[in-house]
Structures are given as C-alpha cells and as structure tokens.
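In my numbering, the protein residues as written are 1 to 227.
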C-alpha cells in the first residue's frame with residue numbers, strides 16, 4: 001500500500017496540471033502577437049514595406065503624344081495662306097497647320113512653285129517647343145529649292161535641287177504627302193517630282209501605308225515622261 005501511494009505521488013508531481021496548461025495557452029498566443037510588430041520592424045529596416053493588402057497602382061501615366069491645341073485659323077489667315085504639312089510623330093506621318101506667303105496676283109504656274117517652296121521651307125523648319133513636347137520631328141533638311149519643269153516634263157512637274165531618290169525614306173514621304181495634298185499638285189493624291197539632273201521626273205503617290213509607315217514604305221512611283 002505504501003509503495004502504490006509513493007508511485008501515485010510521483011506521477012502527480014511530474015505530470016503538468018490542467019491549470020498550468022491553461023495558463024501556457026494565452027502566454028504562447030501573446031508571444032506570437034508580440035513577434036508580429038518585431039517582424040514589421042525588421043522588414044522596414046530592410047527597405048521592405050509590410051502590408052496586409054496587395055496593392056496594384058497600374059502603369060505610370062504617359063504623356064499624350066501627337067496632340068496639339070487647336071490653331072487660331074483667323075490668326076493664321078492673317079499671316080498667309082493656311083496649309084498643312086506632314087511631320088513625323090512616333091512611327092507615322094501627322095498633319096500640322098502652317099502658313100505660306102504667296103503674293104497676290106501671281107499666275108497659276110508661279111503660284112504653284114511658290115506654294116511648293118513655302119511647304120518645303122516649313123518642312124525644314126524645326127518643330128516648335130510645343131510640337132517637340134508632343135513628339136513631332138522632321139527629317140527634311142533646309143536648303144532645298146523648287147524649280148520649274150523642263151522641256152518635255154509634265155506641266156505640273158516640280159524640279160527639286162536635291163534628287164528625290166537621295167532623300168531619306170522619311171523625308172521623301174514627308175515631301176510627297178505634303179505636296180500631293182496641297183495647291184502645289186493636281187489634287188489627285190500624287191505629285192510629279194524631278195531632280196537637278198537629266199533624269200526623267202517620276203509621279204509619286206501618298207498612300208495610307210506611306211503615312212502609317214514612312215520609314216519602311218516608300219511612296220509608290222512611276223516614270224512620268226510622256227504624260
């Protein structure tokens with residue numbers, strides 16, 4: 001009997017009491033809660049911001065390209081003849097409003113040459129600060145002049161001081177599309193261009209593909225001799 005009593009006493013002294021287990025539960029939970037702010041501090045120290053909710057701010061806002069304020073048409077008319085030229089923006093051609101000076105009373109043939117020269121000068125003019133901000137540029141260089149047709153040329157030929165085939169694909173597209181959409185041409189979407197040499201002039205067309213991809217699509221052309 002004494003032996004059984006001693007063994008019972010030893011088991012009761014080594015086994016955890018229910019009260020102790022109940023007290024350990026809250027203590028463990030408190031320890032885990034205390035570890036959360038400590039983990040947040042460690043993450044902040046490593047440059048990582050702790051958050052419980054996933055965030056998605058989306059892409060950064062981009063600047064609007066190829067968009068300008070509406071021009072003052074009345075002010076443009078006071079400065080000269082309102083025209084449009086094709087500038088580069090992104091990978092395509094976009095029209096921009098300009099003006100050219102044409103003397104009153106000029107004959108039709110002279111007027112066409114003056115308009116063409118004014119358009120070329122506008123194409124070679126660097127874009128304004130606002131146009132640069134919007135992404136506009138030009139590949140046409142200054143110094144190109146426009147001359148009259150030669151004997152045997154179609155009467156609407158524009159002879160350039162630089163051969164058209166020596167222009168970059170971008171510059172040629174700008175010139176062709178600007179001329180073909182102006183009083184410098186016949187208004188059929190094409191323009192006859194020649195160079196300073198003896199080569200025959202060619203009729204160039206401004207197509208949708210040229211306006212969309214001037215760097216990789218050259219204006220279609222054909223020999224205009226005999227037209």
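Glycine included, each C-beta is placed from N, C-alpha and C at the ideal position.
Given that a residue counts as buried once 16 or more other Cβ atoms are within 10 Å of its Cβ, and exposed if not, what is residue i?
i, result
"residue 168", "exposed"
"residue 180", "buried"
"residue 30", "Any reading at residue 30 needs caution, since the residue's pLDDT is 38, under 50, leaving its predicted position unreliable; the model's value is listed next. Residue 30 comes out exposed."
"residue 151", "exposed"
"residue 65", "exposed"
"residue 118", "buried"
"residue 104", "exposed"
"residue 166", "exposed"
My guess is that residue i and residue j are in contact by the Cβ rule of under 8 Å, so how many angstroms apart are they, rounded?
i, j, result
"residue 159", "residue 194", "5 Å"
"residue 173", "residue 93", "6 Å"
"residue 134", "residue 81", "Not quite, the Cβ-Cβ distance comes to about 24 Å (not below 8 Å), so this is no contact."
"residue 156", "residue 198", "Actually they are not in contact, since the Cβ atoms of residue 156 and residue 198 sit about 19 Å apart, beyond 8 Å."
Can you find the residues in the same chain that come closer than 8 Å, C-beta to C-beta, to residue i, ignoring five residues on each side of it along the sequence?
i, result
"residue 124", "138, 140, 141, 142, 143 and 144"
"residue 102", "80, 81, 111, 114, 115 and 118"
Taking Cβ positions, are residue i and residue j nearer each other than 9 Å?
i, j, result
"residue 202", "residue 192", "yes"
"residue 91", "residue 214", "yes"
"residue 115", "residue 183", "yes"
"residue 154", "residue 227", "yes"
"residue 146", "residue 161", "yes"
Measure the C-alpha to C-alpha separation of residue i and residue j and round it to an integer number of angstroms.
i, j, result
"residue 100", "residue 221", "27 Å"
"residue 225", "residue 132", "40 Å"
"residue 108", "residue 129", "35 Å"
"residue 233", "residue 196", "Since the first residue shown for the chain is 1 and the last is 227, residue 233 is missing from the structure and cannot be characterised."
"residue 127", "residue 136", "7 Å"
"residue 207", "residue 98", "22 Å"
"residue 120", "residue 106", "19 Å"
"residue 96", "residue 212", "16 Å"
Between which residues of its own chain and residue i is the CB-CB distance below 6 Å, once the five residues before and five after are set aside?
i, result
"residue 217", "209 and 210"
Please return the same chain residues whose Cβ sits closer than 7 Å to the Cβ of residue i, not counting the five positions on each side in sequence.
i, result
"residue 223", "200 and 202"
"residue 190", "180, 203, 204 and 205"
Does any C-beta atom of chain D lie closer than 9 Å to the C-beta of residue i?
i, result
"residue 143", "The structure shown contains no chain D, having only a single protein chain."
Compute every distance between the C-beta of residue i and the non-hydrogen atoms of the ligand NAP, then say whether any falls below 8 Å.
i, result
"residue 88", "Among the ligands in the structure shown, none appear at all, so the ligand NAP cannot be discussed."
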